[in-house]
Structure formats: C-alpha cells, structure tokens
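6 protein chains.
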Amino acid sequence: MIGRSGVAVKHVTRADAAAVAELAEHGVATVHEAMGRVGLMAAYMRPIFPGARVCGTAITIFAHPGDNWMLHVAAEMLKTGDVAVLATSSENSDGMFGDLLATSFRARGAVGLVIDAGCRDTAELRGMGFPVWSKAVHAKGTVKATVGSVNTPILCAGALVHPGDVVLADDDGVVIVPKAHAATVAAAATARETREAGTRRRLAAGELGLDVYGMRETLAKAGLRYYENEAAWQQELGQ
Amino acid sequence: MIGRSGVAVKHVTRADAAAVAELAEHGVATVHEAMGRVGLMAAYMRPIFPGARVCGTAITIFAHPGDNWMLHVAAEMLKTGDVAVLATSSENSDGMFGDLLATSFRARGAVGLVIDAGCRDTAELRGMGFPVWSKAVHAKGTVKATVGSVNTPILCAGALVHPGDVVLADDDGVVIVPKAHAATVAAAATARETREAGTRRRLAAGELGLDVYGMRETLAKAGLRYYENEAAWQQELGQ
Amino acid sequence: MIGRSGVAVKHVTRADAAAVAELAEHGVATVHEAMGRVGLMAAYMRPIFPGARVCGTAITIFAHPGDNWMLHVAAEMLKTGDVAVLATSSENSDGMFGDLLATSFRARGAVGLVIDAGCRDTAELRGMGFPVWSKAVHAKGTVKATVGSVNTPILCAGALVHPGDVVLADDDGVVIVPKAHAATVAAAATARETREAGTRRRLAAGELGLDVYGMRETLAKAGLRYYENEAAWQQELGQ
Amino acid sequence: MIGRSGVAVKHVTRADAAAVAELAEHGVATVHEAMGRVGLMAAYMRPIFPGARVCGTAITIFAHPGDNWMLHVAAEMLKTGDVAVLATSSENSDGMFGDLLATSFRARGAVGLVIDAGCRDTAELRGMGFPVWSKAVHAKGTVKATVGSVNTPILCAGALVHPGDVVLADDDGVVIVPKAHAATVAAAATARETREAGTRRRLAAGELGLDVYGMRETLAKAGLRYYENEAAWQQELGQ
Amino acid sequence: MIGRSGVAVKHVTRADAAAVAELAEHGVATVHEAMGRVGLMAAYMRPIFPGARVCGTAITIFAHPGDNWMLHVAAEMLKTGDVAVLATSSENSDGMFGDLLATSFRARGAVGLVIDAGCRDTAELRGMGFPVWSKAVHAKGTVKATVGSVNTPILCAGALVHPGDVVLADDDGVVIVPKAHAATVAAAATARETREAGTRRRLAAGELGLDVYGMRETLAKAGLRYYENEAAWQQELGQ
Amino acid sequence: MIGRSGVAVKHVTRADAAAVAELAEHGVATVHEAMGRVGLMAAYMRPIFPGARVCGTAITIFAHPGDNWMLHVAAEMLKTGDVAVLATSSENSDGMFGDLLATSFRARGAVGLVIDAGCRDTAELRGMGFPVWSKAVHAKGTVKATVGSVNTPILCAGALVHPGDVVLADDDGVVIVPKAHAATVAAAATARETREAGTRRRLAAGELGLDVYGMRETLAKAGLRYYENEAAWQQELGQ
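Chains as they are written, first to last, in numbering that gives the first Met the number 0: chain A, 0 to 238; chain B, 0 to 238; chain C, 0 to 238; chain D, 0 to 238; chain E, 0 to 238; chain F, 0 to 238.
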C-alpha cells in the first residue's frame, strides 16, 4: 500500500542514463505529449525562480505535515544526478526545505527537489542555482518527530512516482517518466520535436493550422458554421 | 445568448486605431479608473513573465474544457494588432496554448493572448517575447474534438468581451474597453494621467493626500478620532 | 477589542533601532526560528517583485473591503524606517495601493508596505524599488467612504501586529517581531546564523545531517527500518 | 458598460408569466441543457438549505464589497414573483443579507435571492423558508456608504443577468434564462423531459445507454478497445 | 508571544455566567454587530450539522499540523459549559477530533468544539448531538508527537481567543466575545434585538427600509439617480 | 502507465465478498486507521446528502474534462454491489452524472458513485437514495467526444484505485482498501472497534485520555510544562 511509514530503502534502480540525458533535451510539455498525455503533476507545483530546469532520477520521500525529518534520511540515498521528490500524508505548506538541506543535497550529488509542500530560503536557493518546484514558498519551520519513508512509491501532486523514475521539470511544471519507459518516451519526444520543427516553419510562414493539420472538414462535420460578419449571424438567429 | 457553440464570424469591426494607440500609452489601473472602475478581469489572470504588456483589439474565442480546437479556427481571423481572448464553457487549467500556436498567431499579426485557462511552453514564449495572460501555467495537453465559437461575445474571467473591443494588459492584469467607448476612455485616461502628474509632484514633495485631496473634514464627519498616543486612547476606552 | 474602527493614534513607540538594524541582517526564516517558530504571516503574502526585502517598524492600518481611505490617514504617521501594515475587516483583493501612495509614503520615510489586500501599479513600484508584500495584484480601484483605524493592534494574514513592532519581509514572506522582544530575538537570530555557518560547512563537505545532528538513534527508536533494496522490503512484506 | 454605479431603474419588463410558470416545473440541469448548455452560474453558488427551489423574474443589484445599501434600494422595485440577484464590483463574502431584509423582501413579494456574496441569519431564513443561493454563509456585517445600481445588467457568478430575466435555482445551482427566450426555452425543456422519461424507463429496465443512444460504433471509431480482462490488456501492452 | 509551545495552564478565569447565559439567547450575527462588528472567525468555519448551536467559555488549544496530542491535555482542563477552541501552527485539515474525544469532552462537561483543522466521525457526532465547527471534515488520522499549548492566547481562523472568553457559534459561524466585555456585549445584543423587533414588524407590514432607516436623502447625496425604466436611462446615456 | 485512454476491460477480479461485508460494518475513519493511515481520498470529496454511506467494489473510470462518455461504457461492466469511481485527466467540476445515469447504474446493480468531478440532479439522487461523493455539485452539461478508459488503475482525489478494490464512503469521506488486503484490513478494523469500545466506556465515565493512554510521562519528556494559572506562567516568562 502506498503511504506506508517507517521504511528506508537504501539502493534504487535508476532509469537508464542515456534516456535521462535524451529526455533532458526536451521540455515538460513535449515529454508529457510523447507519453500519451500522462505523468504530469498538478499545476500548483511551481519553480521557485523562472528558468529553473532539471532532469534526473527520483529519490522518493514520504513525510508527515510539518515534519521534515525524512529529508535528512533521504540525503544519504542521493547520488549524482538525483532529484528528491517529496509527498506528504496530508496537505501541508510548511517550509520543509531551505539552504542548509540544499547545501547537503548538492554535496551528495542531487540536482533538484520537487516538494508537495513549502520551501524557504528561496533567495539563497536562487543564488545557489538549486532548482526547487514546490506547492508554496513559506518560512514556516518544521519538527523532526515522526518517521515517514524513503524510496517507496509515492503519490505526489497527482502523479505516481517510483524511486528511480525520471523527473523532468521546467517553467511549465513537472512530469514523471516511469523508468521502464524512459528510453521509449525519450525517442518519442525526439521524434515529436523533429515533427514539430517542420510544422513550426510552416506556421511561421503564415500557413494556418487549419490547413497544416487538415482540420477544415472535421470542423464542418462537427457543426462549425462560418458567417461573414456578426450581422450575418444575427440575421440567421432572428429568422 | 452568450456561450453558443458552432459559430465562426470571419470579419469583425475593430476599435478605432488611434484610440487603441492612445490607450496603449496607459496602464491597466489608469484605464480602469478612467472608465468608471469597470471592465477588469479577475485577479487570477496573470502574465506569464514580468513586464509583459499589450494593447490591441479582441478576437474572441469560446472553447470547451480540455479542448483547444477553436484556437486554430481563430488564427484565420487574426489581423495585425489583434489580441486573442479565450473563455471556456467551464473552469479549466489545461495548457491550451504553446509555442506552435504562438508562432502561428504572431505570423498572422497577433500581439498577445488572454486565456481563462492554462498556457504552456512558457520559457519559449518568454524567449519569443509573446505576452500571455492566463489562469495557470500547466503542460497538460488538450484534444480537438468539440466545436466552440470564434468572434461571438464571451464572458472571460469576469469581463464581457465583444470582438473588436480593446484589450489592455500589463503586470496589473487585464482590462477590456468596449470599442464604442474607446476614444472617450482614451481621452479620460490621458486627462487622468495629466491630473495625477501634478498630484504626484505634490506628494513627492512631502505633502499629504489628506491635504491634497482635502479629506480632513470628511474623515472627522465620518467619525475618525485622533489620539496623541495609545495611552490617550486606552484612557478614553477605560472611562 | 481588535478591529475597532474610528481611531487614529498619532505617536507610536517603535522597536529599538539597533535591534531593527540587527534583524535587518537576517532572513525571515532565521528570525521566525529564532523566535521559537512564531510570528509568520500566511504563505499567501507574496512580494510583488523577486528580491524584495525590508526591515522596519510597523505603522498599522485597519481598513474595510474596497476602501483605501485609511492609507491616507496613515501617511501622516509614517516616519523614516517605517513599514505600513494593513489588515482588512473582511477578505478583499482590491488594488488599494499604487504608485501615487508609494510616492507619498516614500516622501514620508516609509520603506515598504505589507497589505492583506491587493496592490496595483506594480510595474511602477518595481521601477521605484518600493517593496510591497500583498495578497494579490489587482488593478481594481477603491472608494474612500468608511473609516477604519491607524495604529491600533491588528490581525494581518494570521499575525498579530502592534504599532512599532518590527516587520521583516523577504522572498520567503513576512515575520513580525514584537517590539519588546526585538533585541532578544535579534541576538538569538545572530547566534543561530553563527551556529548554522558551521553546520553549513560540514554539510557542504558531504557530511550527512543524520550525523551532524545525531539523528540515527532517534530514527531507529521512532521505528524507521532500513532495507538494502526494494526487493528486501517486498520480501518482508510478503512473509 | 456593465458595472456602472449610481443608477436605479424603477420599472422592468419581466419575462412572460406563463413561461416562468412552465420553467418552474423543471430542474436547473434540464433548463441549462434545453438552452444549449448556457446560462449557468458558477458551482460555488450554493443554496443555504437543502431542497431550496425557486423560479422567478430578476431584479438585479450591483453592490460594492462590504456594502449592502443597494439591497434596500432594490426592495422598492420588487414585485410578486421576483428574485433579487446581486453582483459585487469585486469578490466579497460579507453577510449582506439576513432575516430583516428577508422579511422586507417577502413582504414586497420576492420569492428568493441569488447573491454573489455572503448571507447570514441562515437558521432564521431556513425557518422562514426563504431560499437564498450564495457564495458563502458569513455573519460579517456591512456598511451603507457607497451607491451601486439596481436593475442594470450585471455579471453575477459568471452569468450575464438582465432585469426581468428568468432565474431558476435548485439544489444543483442557478441558471438564467434571458426573458426574450423564456417561452422557447420552456418548451424545449418540456420536450426534453418528455424525451428523457422514455429513456429513463429503458435504462431502469436494464438497457444500456450504449444501446439506447447507439454509441458502440462511435466509441470504436474514437479508438476504444475492449479487453476480456486485465491480463489480456497487459499481454498486448507487453508485446 | 502568541504561538508558544510547551505551556499548559490549569485554571482559567471564565466569563461571567450570567453574561454567557444572556449571550446564548442571541445569534452570532447579532452579537457580532453588538460588539461593533468584530470578533468573527473566518467564513470557512462551518458546523458539521445544520442547526448546531453553542455558547460557552473557551478552553484554548494550540496544536501542530497532523498532531492532536494537545486535545487530550485540554480534556483535563474542561469544566461544565466549556467550549474547546483549537488553532494550529500552520494550515491543516486532518481529522484531529472524533467520537472518542467527544465522549471524553462531554464527560468532562464540554458543550462543543471549534477547530481550525479537520473533524471526523461526523455521523456519530451528529448522533450524539455534539456540535463542532471545523475547517474541514476529513477522516485523516493524526499523531501524538509534538507538544503545543493549552490555555494560552491563540489566533484561530482570524480571531484572537483568550482562555475564558465567550464562544458563540451557530449556523452562521463563530464569534468570540472577550470575557471582560461579556456583560456589556450581552446587554447591547439584547437591546439590538429589541430594536430590531420593531423594525421587523414595520418591514413585515410592507414598509421599506429606505423609509424606516431614512435613507432616501443620503442616497441622493451619494449620487444615486432614479430612472422610470431602462429606456429613460439609455436615453440619458446616449445624449 | 496510469492515465492511458482507449482501454475498456470487461471483467474484473473483485475483493472477497465476506471482507466487503465486514468492512461495511465500519466507518471510513476506522478503516483508514486500521490500514495504517493510508488510502483516503482528499477532503474535498463530499457526499451529496448527509448520512450517505456505501461499501462496495470498484469499477474504475478515467474520463476527460467536460466529457462523460466513459460513464456509459462503465455501465456495462457494473455488477451487483459495485461502486463506480471516476478520475479525470485534469481538474473538472462539470456535472457528469445525474438521475438518468443513476437509474441505469442502479438497474445494473451499482450501489454508489465516487466522482472527482461534478454531479447534478442531486435532489432526484437524494430522492432515489443513490449515494454520490463528488468534488462539486454543478448542473453543467458534458459532451461525449473523447474516449478515456474503464477498469484501468486510476488516481482519484489523491488515492490509487484498482478495479475490484473496496470502496468505503460515509459522511467523513472515501477510503480505498486494495482487494488483496481486504480481509486483513477488515479484521484489523473489527479489532480496533472492539478495543475502542472499552476505551469509550472509560472516557464516558470521566477518565482522561492522559491516563487511559498513559501520556503524562511522554508529554513531560516532550517538554510540556504545567502552570496553575496564567499569572504563574507570566511570572516565569517575566523573570
């Protein structure tokens, strides 16, 4: 069952490094589409500074409201290229993470944090260039009293995350790619980007999506009617 | 009735170009005041990057939740200086608009987008300098399955928008000026700015608004009592 | 009783200037911790531009929804180094404060504003470098019809604020230090920073918080169990 | 422009009484569908007691946050069968309406209230059987200081309401039928109910909507694939 | 400072019993008005069943998110006629209170609970007739790990509450009357009810508030203009 | 991957009937505790009428915003004792379910619905006694245009649900018991109830939880200090 407390798993199978590297070339929106429109976290997960961007492998943390103890436990499991991902057992916006933990996480190799709770010391984190996606920015301090878990599956901001999954985050939010599908999704994302490059050129030249995507007929079948101007529409309505 | 689907009006009467140009010189707050404190969209409509600013004429879009089909239909109606304005038939935060549509819209002459839904590819849009005001930033993809309307009156984020109305947006939000009143409102905004310039000089010199605006007597009549310090107030309360 | 209208107290005892200066050296999170984790405003109070920072003494304002009259009354009470703090009698996001009031406030010596309502003219305020923490950015104009109070105790965004208290605000939010405790809290904050500097060095060198803070034993007592890998955990669950 | 203050229109053309009577026989969902899925207020407008139900003609009120003065002005315009509908110039949840105003409104003939703000004395209103749909229940008192308008068009909770329009409200929310379309919509609603009665009988007998509405082919075309069980699906995925 | 943890005060001075009894005769809205429109909790504090009503003296509880330990400490301080009032150190909706605690509280003499967090076992509480006002209904369980305080001043849902203050709650929400003012406020509430009874009779007879309260002249001065019908208004606008 | 569209699984392995029957005897809070405090849906999932209660096996539905097509597909898979559980691909409050679908679902044997979206015809559903837990009550109609899935794993309101899992819902919300653990959890819930019965008797007799649970020593160790009265505490603070 998801949400069990008291478990710390030391070693994790991570997604294939080449797939992570290829996914890192793409944006969250592209990868989400390439997966078949799945894997996104909720829109309330926002970067603490514009332009933040990360792609790495998940170390998962399950914590309790107002308690950041498990972040210290997770620090020991972090390896180069990891992104810590924290879910809580109930809604909480306390500032569970700040510059001291960021110093520790970076020293262990972590490249970012995704936290369905609050973050603080955001000016310092921006200065360090340590990217965080969080539900809130809040200075509220936390206790270290109740154990949660590290490296068990979690539900974070509407996404299911297993340890070792790929975490990709940018200005648009956060997407999780299951490690088993990392290579396939990376290839699909690259293919999509290539395809879109051609479309972009045509649109930039002034062609319409209606023609590029061939939508005119389906729109008509779906019931869209064109009118020269508002008067023409009103006239029909009035009859 | 507002909210009818299936209608695409091709040609729109736009607000007077000179009035649009004059309104473009002012901020949203000034124009809202000059209109008699009306026309604002809700506070949740935020620019996707700081310093975003636009003034243009509205091409209106009515779409369904999770469906961005009508944005493609609207592209064909866009002319130089237009701002697309999208309302949905029910609350939705999906990422209906991204860099491909922005490329298309810009190629057609559009200068911005106001969307009561989500926006994605925000890093790319910031790079392009294409300003968007939205309810959310979210990578969530959308379908093209159900027709809405283009260039019919819409209710967008608490404002009534007719095709061709002036759309002015900046860091403070979005205001709509009905096309019939564009010139009058522009003149009132300019007059207000002139008047405020004098007030600003007096306030900058240390004069009080109480004196500049002559408020002391009305405050007293409305019941405001002055006390030298907290002790004086407490003494009176205690009696 | 908190929330009485009709009172304007002219002179206020402010927190000790040396304590204010010392507190200004610290961040909101540090000071909140140094006070024993109290005094924070709610997480929804956000700066209108990144990097905003202020430390000063409170001039308190109690206003009614949609009515910014008391800001003008407060202007007269402002002295160099003051921060205006506004609470409302009920939830409101109207743009009660803009560049004209900022011009006046600055001319009177104020160094910032904390407002549990809306703010407007934010581009101009950013240009002036006048920092504001608010609940919302909204251009909505307000009336001047109903008196509130100035320099009475207020409840602002979940914090109790007395006139003269220290207001410290940065990217993480807003904390209030009661004037009677300003020196003690400042000293505690400085001590905490010194202590944290040593911890930061150890963490930066790769030591774990588990060891720096000596958490391993208490975690075990609290029930945390370590597993080599997921298989080991699953094996135990299955037995 | 919508949202002008200072206007009180005494006499209003109301929707046809027979159409109002016919609409009163139907639920909000049915009428909303019969209109082509338009005219609903936002989901946050809730009845103050379960089972509340009203159908009448709108007297519109435009008020300012924290100010219920216009409700008294509106009382004079109420006639038998009217429903007062109040919008505010900005978001507000204050308790603008209570048992005294309900006593007055009922004495004037009003049969209910729809208010995009707060309501109080809800136990008394339930006792009186006076139905109210509101954004909030809150005891917060209001002032009488700033004029709004009565019987001008308003935007209330996402719906455009003209004086004299039909207001239908029940446990599901509130729908507005423009007076010009009242008879047409009433007829369409009645027809829909008749049609649904037949469908209901078939569904109650165990027939599936898939067959009653003939959806099987379109579902297949839209890409739905059936699998005997989860294993069959997993097998295909794994290939 | 408000929000200190680790303090349990055993004996509390309670508001005068006769004043509590008199306040119990009135509704929350009336008492809030009689105090000068202060003392209300936020609108999100709702009773767990309709018709809930309580008036008693406050035992205050300060707890941490996800931790209901202090409710057990508070049980010992409860006397006949007390209402427990719980605030948290940060936002939390966990189900801190259920039927076991209600059984204990009732056995100790408590007559209700006001909790700025979640409540559970609501069907059983309704069955017992034990009234609770809460921020949420949620089954989420809590830990007993971190000490808060009992019988220190708290900020609960926007209201300042001291131990022994009067807590009055009904369908409209919760109001706090400081114990020192209980008798005065009770008298003012009774006077207000008497005055309103006369007004109610006049309104029920069809008199208008405009005349009962003599508002016509002030409305005119404030700028309200009457028009016979919409055409008359439009005509003036058009000139 | 969770969230794939286009899949309809016909046959589902359901939780053991005896375990479902045993779980039906308990409340949501009890079962959630018996599982180790996991499995709850978010607090925003509320019953459409008080006293609603259901326990059954899940038929899962994955739908798109504003589109209720999959509810018709699901109807065919429903068996006696099933509870339909619907998740959406993005936030949506449209009224996807009403009395016609309820008629169909009941005819097929379903005993309730849990929907992370809106519900309508709530008066009729209350009349039928068909229990629904939803995110919102809204009359907003939906289309049938885009396929989702039936009987694939879903994330619904923060809970992971597999087809055939036990769904238990009452006034406190919704909890999901994985089918593999149904019997174990049922037994644990029954044991917990038995244990609590004894505790309840002791608490009802006036014993304190402090003594029943033996908390006094741990509270003291955790730092709780007792003071006779407020004066004693203030005296210590002042020294």
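The beta carbon of each residue, even a glycine, is placed where N, CA and C say it ideally should be. Quick caveat: nothing in here was measured; it's all calculated off a predicted structure.
Let me know the secondary structure DSSP gives residue i once reduced to three states.
i              : result
residue 10(E)  : strand
residue 95(B)  : strand
residue 156(F) : coil
residue 83(F)  : strand
residue 207(C) : coil
residue 77(A)  : coil
residue 235(F) : helix
residue 259(A) : Nothing in the structure corresponds to residue 259(A), since chain A is present only between 0 and 238.
residue 90(B)  : coil
residue 180(A) : helix
Counting contacts by CB-CB distance shorter than 7 Å, is residue i in contact with chain F?
i              : result
residue 64(B)  : yes
residue 140(E) : yes
residue 9(E)   : yes
residue 1(A)   : yes
residue 106(E) : yes
In the DSSP assignment, what residue or residues form a beta bridge with residue i?
i              : result
residue 212(E) : Beta-bridge pairing links residue 212(E) to no other residue.
residue 224(D) : 6(F)
residue 175(C) : 166(C)
residue 149(B) : 7(B), 60(B)
So, is the C-beta of residue i closer than 7 Å to a C-beta in chain B?
i              : result
residue 67(A)  : no
residue 5(C)   : yes
residue 156(F) : no
residue 159(D) : yes
residue 39(A)  : yes
If you measure from the beta carbon of residue i to each beta carbon in chain D, is any gap under 7 Å?
i              : result
residue 90(F)  : no
residue 144(C) : yes
Determine, for residue i, whether the minimum Cβ-Cβ distance to residues of chain A falls below 7 Å.
i              : result
residue 120(B) : yes
Comparing the C-beta of residue i with each C-beta of chain C, is any distance below 7 Å?
i             : result
residue 31(B) : yes
Within 7 Å (strictly less), CB to CB, does residue i reach chain E?
i              : result
residue 186(F) : no
residue 13(F)  : no
*Please list the segments of the alpha helix (DSSP H) lying wholly inside the segment 95-145 of chain D, counting only runs of 4 or more residues, in order along the chain.*
For the segment 95-145 of chain D, whole alpha helix (DSSP H) runs of length 4 or above, ordered along the chain, are 98-107, 121-127.
*Please specify which runs of the beta strand (DSSP E), each continuous and at least 3 residues long, are wholly inside the segment 20-72 of chain E, giving them in chain order.*
Segments of the beta strand (DSSP E) lying fully in the segment 20-72 of chain E: 53-62.
*Check each residue of the segment 190-222 of chain B: if its Cβ is closer than 8 Å to any Cβ of chain D, include it; give the result in chain order.*
Listed by position along the chain: nothing, the set is empty.
*Taking a Cβ distance cut-off of 7 Å, strictly less, list which residues of the segment 108-136 of chain D are near chain C, in chain order.*
Across the segment 108-136 of chain D, no CB contact with chain C closer than 7 Å is found for any residue.
*Give, in chain order, every residue of the segment 71-104 of chain E whose Cβ lies closer than 8 Å to some Cβ of chain A.*
Per Cβ criterion, the list reads 88, 89, 90, 91, 92, 93.
*Just by C-beta distance, which residues in the segment 225-237 of chain D are closer than 9 Å to chain F?*
Using a CB distance below 9 Å, the part of the segment 225-237 of chain D facing chain F consists of 225, 226, 227, 228, 229, 231, 232, 236, ordered along the chain.
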